[in-house]
Every structure is written in structure tokens, then in C-alpha cells.
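Report on the structure given below.
Numbering (full-length UniProt numbering), first residue to last: 1 to 74.
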């Protein structure tokens with residue numbers, strides 16, 4: 001495989017990971033949408049946890065993609 005195809009694959013996987021996390025966030029919103037204060041608290045907590053996880057995963061994907069690109073450019 002050439003470098004361009006590998007880089008395109010890495011970028012596509014990173015984008016798909018971010019889209020998946022956004023879909024999960026939307027599902028949490030829909031599942032907890034009601035006037036109940038307890039549900040609103042649960043939703044905020046779940047979204048905060050999901051956002052932390054999303055950020056950590058995105059950082060890992062970005063670091064891994066950068067390492068792979070560096071190795072390919074050697």
C-alpha cells in the first residue's frame with residue numbers, strides 16, 4: 001500500500017470514530033429527554049463522561065495516526 005492510501009485510511013478511521021461518539025451522544029440525549037430532574041442529571045453526567053471518553057479516544061487516534069505517518073515518512 002502506498003502512503004497516501006494509508007494516510008487516507010487513518011483519516012477516515014479518525015473521522016468515523018468521532019462520528020460514532022457523536023451518534024452515541026445523540027442517543028443519550030433522546031433516551032433521557034423528559035422533564036424529570038433526575039433524568040436531566042443523569043443525562044448531563046452521561047454526556048460529560050462520554051465527552052471525556054471521546055476526547056481521550058480522539059487524542060489517542062491523533063497520536064497513533066501521527067506516529068504511523070512519521071514511520072511511513074522515514
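In this text, a Cβ means the ideal position worked out from N, Cα and C, and glycines have one as well.
Beta carbon of residue 65, beta carbon of residue 10: below 8 Å? Residue 65 sits at position 65 when you count from the first residue of the chain shown. Residue 10 sits at position 10 when you count from the first residue of the chain shown. In this structure, residue 10 lies closer than 8 Å to residue 65 by Cβ.
Would you kindly check if the distance between the Cβ of residue 21 and the Cβ of residue 54 is under 8 Å? Indexing the chain shown from 1 puts residue 54 at position 54. Indexing the chain shown from 1 puts residue 21 at position 21. Yes, they are a contact pair.
For residue 74, three-class secondary structure by DSSP: In the chain shown, residue 74 corresponds to position 74, counting from 1. Coil.
DSSP three-state call for residue 75: helix, strand or coil? This structure gives no information on residue 75, because the portion of the chain shown stretches from 1 to 74.
DSSP three-state label for residue 22, please. Position 22 of the chain shown holds residue 22. In the structure shown, residue 22 sits in a helix (DSSP, three-state: H, G or I).
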